Amino acid sequence: FKSSNNFNSSLFLFDEQNNQLELGPDFINNSVYEIKGFNLSSKYKLILGEFDFNINLDSSWFDLEYTDITLGFENSPFNFVPTLAIKYKASKVDNFAFIYSRNIINLPIDYVLPNFIQTGFDFLQRGSNSTSQERTNFFLFDYKRGDWTKDFLFNGQLLYANGENAIGNILEISQSFTTLSRAFFSNQNTFNGNASLDRYFKFLKSNLKLNISYTKNWTDDILNGVEREINGQTTNISLEMRSAFDVFNYHFGIRSSLSKIETTTESENAYLYNFLDLSLNFSKKGTISLENEYYSFRNSTNQNADFLFTDLAANYILKKNKLNLNLSARNLWNTESASFVFLNDFSRSEFNYTLFPRIFMIGLDYRF
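With this note's numbering applied, the sequence shown corresponds to residues 151 to 518, in that order.
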């Protein structure tokens, strides 16, 4: 394999009299970053009764050619990336799996650039000025019960990722502009647990889906010269049910998300989404559908927002495969705008949307 990147950039600023300002070498890049080498993959599979063992070993050798970039001392030209997967079939419907994998990444050029580039109106960004590799260990436990051909399916997973040498951020925030520099940190860990349930009820002719996930992150960064430990956690829950009748059908559900970030301060965001869709086939020629959506946003500064939207649509076939009559009504509650606030560990973001007002439309579709 071979990957070659040449990156050249310069930033110029002018004052009110159109005089060019002297910025210095921190805003000029003349970098060459080339990676070449080869990969060798080997696989071994062993079956012992109900156990299935899979061992993969990816070996690689690479050579770096670079200018204007510092060589990372943690690099080795030889990489060995093992993967171990153990599967156990306890019964016809119960399956267990454990997977260990190690991941080694040579970072792309925008993550290793030594000097700043402009990526936004008042946002400057540069890389780590190092060709060091990002190394992560993954541990996964998986359990499945049932399959898609049955009326019941459950899947549960636990994942832990440990970043030995993970890329992170150094932020400098001022009223005039923000700079972001990449750097390597040893404390980058993630835990994730999720479960999903899929159940079909024959007597209701309806399918139920439930998903629950929890994620916790431990990371480090530097903000305005202060090194911080960031603990973040997010919980997501979604539940929905859909029918499959001939004349009348429903589809309803709820999705919620709660996120919390702890540093020297704490911030929370909560999101709730409910929906109810109804449809009626009152004849072979005509259908009516009603869609309702409710959004709710909450955060730790009590900047809350709620929105309700309802749409109505009807269709009637005047002549099969030729002529259709359509009626639609959008935004029946006449919500003119939507806005909400999102908080993270260092900023506050406000989102504002201008919406179309209540509207009624009649359409006639004719096929030639």
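Note that CB positions come from ideal geometry on N, CA and C, so glycine has one too.
Quick caveat: nothing in here was measured; it's all calculated off a predicted structure.
TODO: With DSSP collapsed to three states, give me the class of Phe-425.
DONE: strand
- [ ] Please confirm if the region 452-460 is in contact with the region 469-476, defined as three or more CB-CB distances below 8 Å between the two stretches.
- [x] no
Task: 7 Å Cβ shell around Arg-252 - same chain, five flanking residues per side excluded - done: Val-231, Pro-232 and Asn-287
TODO: Determine contact between the region 160-167 and the region 197-211, defined as no fewer than three beta-carbon pairs at a distance below 8 Å.
DONE: no
Task: Rounded straight-line distance, which links the Cα of Arg-392 to that of His-401 - done: 4 Å
Open item on the list: Please report the distance separating the alpha-carbon of Ala-463 from that of Leu-482.
Closed with: 11 Å
Task: Residue from Tyr-183, Asp-371, Phe-162 and Asp-176 whose Cα sits closest to the Cα of Asn-155 - done: Tyr-183
Open item on the list: Spatial neighbours of Gly-436 within its chain, please: C-beta separation below 6 Å, excluding the five flanking residues on both sides.
Closed with: Tyr-466
TODO: Excluding the 5 residues preceding and the 5 following Asn-367 in the sequence, name in chain order all residues of the same chain whose CB lies nearer than 6 Å to its CB.
DONE: Thr-340 and Gly-382
Open item on the list: Just verifying my parser: in three-state terms, what is the DSSP assignment at Asp-121?
Closed with: The requested residue 121 does not occur in the structure, where the chain is confined to residues 151 to 518.
TODO: Could you give the DSSP three-state label for Phe-188: helix, strand or coil?
DONE: strand
Open item on the list: On the criterion of 16 or more Cβ atoms from any shown chain inside 10 Å, does Gly-318 qualify as buried, or is it exposed?
Closed with: buried
Open item on the list: Can you give me the C-alpha to C-alpha distance between Ser-331 and Glu-379, rounded to a whole angstrom?
Closed with: 17 Å
Open item on the list: Quick check: Asp-370 and Asn-399, are their CB atoms within less than 8 Å of each other?
Closed with: no
- [ ] Identify every run of the beta strand (DSSP E) within the region 341-412, keeping only runs that are complete inside it and at least 3 residues long; order them along the chain.
- [x] 356-373, 376-393 and 398-412
- [ ] May I have the straight-line CA-CA distance separating Ile-509 from Ala-479, to the nearest angstrom?
- [x] 6 Å
TODO: With distances taken Cα to Cα, identify the nearest neighbour of Ala-247 among Leu-274, Phe-304 and Phe-291.
DONE: Phe-291
Open item on the list: So, at 8 Å on beta carbons, what are the nonlocal neighbours of Ser-191 in its own chain, with the 5 sequence-adjacent residues on each side left out?
Closed with: Asn-206, Leu-207, Asp-208 and Ser-209
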